[in-house]
Amino acid sequence: MSSEQKFTEETVLWLKKHSPKHLTFAITRPEHFRFSAGQFARLGFRVGEHGYIWRAYSVTSAEYDDTLVFFVILIENGEISAHFAQLQAGDTILLDKTAQGFFLPQRFPDGRDLIMLSTGSGIAPFLSMLHQPEIWQRFDTLALAHCVSYRNDLIFNDEIAQFAEHPLVGEYVSRLRFVPMTTRETDADTLHFRLPESLKNGSLSQAFGLNFDKEHSRFMICGNPEMVQDTFKTLLDMGFAMHRNKLAGHIILENGF
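Sequential numbering of the sequence shown, starting at 1, is according to our numbering.
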C-alpha cells in the first residue's frame with residue numbers, strides 16, 4: 001500500500017490557543033474513520049517534496065462526533081510543534097486512516113470505581129471517555145486527576161464542569177470527582193503533590209473521597225513516561241496489579257504523546 005493510501009488530508013475547522021503552548025483544534029472526520037474513546041490517531045504534515053512528519057495524539061472528542069478534536073502541548077524547538085504553531089483554521093493536516101491503542105476502560109472486566117490519573121496532555125483520552133454514556137452507566141464513580149506544573153496549565157477545568165449540562169451524560173455527573181493538581185504553584189483549590197506522592201501519602205484518596213482497594217478500584221494512567229512508570233510502581237507497591245488480557249488486574253497505562 002502506498003503512503004498516499006494510508007492517510008487522508010483533512011481540514012482544520014477551528015483552533016484555540018489557550019496559551020503560548022496549549023492548543024486545541026478540530027478537523028474534519030472522514031466518513032469511515034472509527035475509533036474507541038482512549039485511542040490515538042497519527043497526525044502529520046508534508047515536509048519538503050516527498051517527506052512527512054508524524055506524531056500520535058489521543059482524540060479528545062466523542063466517538064459519535066462529526067469532527068475530531070485534539071489537544072497539543074507545543075514543545076520548544078520541537079520539530080512537529082513548529083508546524084502546529086503555524087496552524088490556522090482552513091489549513092490541511094494529514095490523518096492516518098486507522099486509530100490505534102488499547103487504552104480502553106472496557107478492558108477491565110469488573111470494578112466499581114474508575115480512577116483516571118493524568119499529567120499534561122495525558123488528560124486527552126479521558127476527556128473522550130467522559131463523553132461516552134456507557135462509561136458513566138458502568139462505573140459508580142469516575143475519579144479524574146489532572147496534574148500539571150502551574151494553575152494556568154489546567155485548561156480543561158471549565159470543560160469538565162460543563163459535563164453537568166451534557167445532553168447524554170449530564171444526568172450522571174454526580175458520579176464524577178475531579179481533582180486538579182499543581183506541582184509548582186500552591187493555592188487552596190488544588191493538591192500540590194506529584195501523582196505518586198499523592199498516592200503514597202493518601203492525599204489523593206482523601207481528595208476523591210474514595211478508599212482505594214483491589215475489589216473496587218481500577219486505575220488508568222496516562223501522561224509523561226516518568227510519571228507513568230513512577231505511578232505504576234507506586235500502585236504495585238500498594239498491592240495492585242497490571243491488567244492483562246488473560247489475567248485480570250487493576251491498572252492500565254499509556255505513555256502520553
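The beta carbon of each residue, even a glycine, is placed where N, CA and C say it ideally should be. Just so we're clear, the structure is a prediction, and the values are computed from it rather than from any experiment.
N-terminal and C-terminal residue of the alpha helix (DSSP H) that residue 138 is part of: Taking the sequence shown and counting its residues from 1, one reaches residue 138 at position 138. Here the alpha helix (DSSP H) through residue 138 covers 133-138.
7 Å Cβ cutoff met for residue 149 and residue 194: Start at 1 with the first residue of the sequence shown, and residue 149 comes out as number 149. Start at 1 with the first residue of the sequence shown, and residue 194 comes out as number 194. No, the Cβ-Cβ distance between residue 149 and residue 194 is not below 7 Å.
Three-state secondary structure (DSSP) of residue 211: Within the sequence shown, the letter at position 211 stands for residue 211. Coil, per DSSP.
Residue 220: first and last residue of the uninterrupted beta strand (DSSP E) it sits in: Here residue 220 refers to the residue found at position 220 when the sequence shown is read from its first residue. It spans 217-223 - the beta strand (DSSP E) in which residue 220 sits, taken as one unbroken run.
Other residues of its chain near residue 260: CB distance less than 6 Å, five sequence neighbours each side excluded: Nothing in the structure corresponds to residue 260, since the chain is present only between 1 and 257.
Paired residues, beta bridge with residue 145 - DSSP: For the purposes of this step, residue 145 is taken as residue 145 along the sequence shown, with counting starting at 1. DSSP output for residue 145 lists 117, 179 as bridge partner(s).
For residue 51, the residue or residues it bridges with in DSSP: Here residue 51 is taken as the residue at index 51 of the sequence shown, counted from 1. In DSSP, residue 51 forms a bridge with 47.
Among 117, 159, 122, the one whose alpha carbon lies nearest that of residue 235: Taking the first residue of the sequence shown as 1, we reach residue 235 at position 235. Closest by alpha carbon: 117.
Cβ-based neighbour list, residue 1, same chain, cut-off 7 Å, excluding 5 preceding and 5 following: Reading the sequence shown from its first residue, position 1 is the one you call residue 1. Residue placement at residue 1 cannot be trusted, given a pLDDT of 41 that sits under 50; the coordinates are not used to answer.
Distance between residue 22 and residue 77 (C-alpha atoms, nearest Å): Reading the sequence shown from its first residue, position 77 is the one you call residue 77. Reading the sequence shown from its first residue, position 22 is the one you call residue 22. Near 15 Å, if we compare the C-alpha coordinates of residue 22 and residue 77.
Inside the stretch 63-129 only - alpha helix (DSSP H) runs reaching at least 4 residues: 79-85
CA-to-CA distance, residue 50 to residue 142, given in whole angstroms: Locating residue 142 in the sequence shown gives position 142, where the first residue counts as 1. Locating residue 50 in the sequence shown gives position 50, where the first residue counts as 1. Going from the Cα of residue 142 to the Cα of residue 50 covers about 46 Å.
Coil, strand or helix - residue 12 by DSSP: Position 12 of the sequence shown, counted from the start, is the residue given in the question as residue 12. If DSSP states are grouped into helix, strand and coil, residue 12 belongs with the strands.
Proximity of residue 199 and residue 113 at Cβ, strictly below 7 Å: For the purposes of this step, residue 199 is taken as the residue at position 199 of the sequence shown. For the purposes of this step, residue 113 is taken as the residue at position 113 of the sequence shown. No. Outside cutoff.
Sequence-distant residues of the same chain with beta carbon closer than 7 Å to residue 214, five excluded per side: In the sequence shown, the residue the question calls residue 214 occupies position 214. Excluding sequence neighbours, residue 214 sits near 239, 240, 250.
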